[in-house]
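Sequential numbering of the sequence shown, starting at 369, is according to our numbering. Even glycine gets a Cβ: it sits at the ideal position worked out from N, Cα and C. What follows is one structure encoded as structure tokens, with my remarks underneath.
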Amino acid sequence: MINQLLKGLVDLIYGTRRVRRKYQLDNPTEKVFAADACKGIMTTSNQDIQHGLDWMISQRAVIMLTNKKIVCGKWTILLDNIISIQLLKINSLLGGGQVLKIQTKEGKNYQFGMQLNPEWTNQQVLQLTLEKGQIKHSPLSVIIRLAAIGCLIYWFYESFIQN
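Okay, here's the thing in structure tokens:
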């Protein structure tokens with residue numbers, strides 16, 4: 369239930385329905401099978417999913433799967449150009465999510481993080497490899513988390529213990 373609420377909220381913020389409708393009107397020869405609000409990054413290799421600077425400055429857009437391509441913001445990936453594609457289900461403090469990992473013939477690697485959406489697992493266009501994924505922490509991510517915890521401890525000490 370929390371997953372559905374979060375997905376609805378994120379889709380509302382990104383305007384997923386509006387973007388999907390506009391795309392279908394502008395491209396009548398294509399059918400959209402899945403659409404989702406997402407964060408996307410391009411990586412240099414087929415690397416594991418990890419927290420880090422890439423995700424902080426990632427492209428935020430609506431990702432759409434059509435019968436011809438995957439479109440996300442400034443990126444267009446033709447289905448014929450995909451070598452491998454995985455959908456990794458992940459868990460976090462705020463519910464479940466999924467990351468779509470794509471490798472292309474040009475050597476480009478993409479990762480798209482989104483809320484859980486059965487449109488992606490039920491679609492029949494792609495031969496997705498479904499896996500359970502885990503997010504790793506980059507050194508930068510660990511440092512930022514430790515600094516945030518330190519700030520909270522200091523604030524708690526100053527506000528409640530010292531007085």
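At the C-beta level, Ala405 and Tyr382 come within 7 Å of one another. By the criterion of a C-beta distance shorter than 8 Å, Leu484 is surrounded in its chain by Asn371, Lys375, Lys457, Gly463, Gly464, Gly465, Gln466, once the five residues flanking it on both sides are discounted.
For the set Thr472, Lys473, Gln454, Glu487, the Cα lying nearest the Cα of Met432 is the one of Glu487. If you look at Thr411, you'll find it in the beta strand (DSSP E) that goes 400–411. Just so you know, the alpha carbons of Val400 and Gly518 end up roughly 46 Å apart. Nearest neighbour of Leu496 by Cα position, chosen from Arg385, Lys476, Gln471, turns out to be Gln471.
For the pair Asn435 and Glu398, the CB atoms are nearer than the 7 Å cut-off. Taking the Cα positions, Gln479 is about 14 Å away from Lys442. In the DSSP annotation of this structure, the continuous segment of the alpha helix (DSSP H) that includes Tyr382 starts and ends at 370–382.
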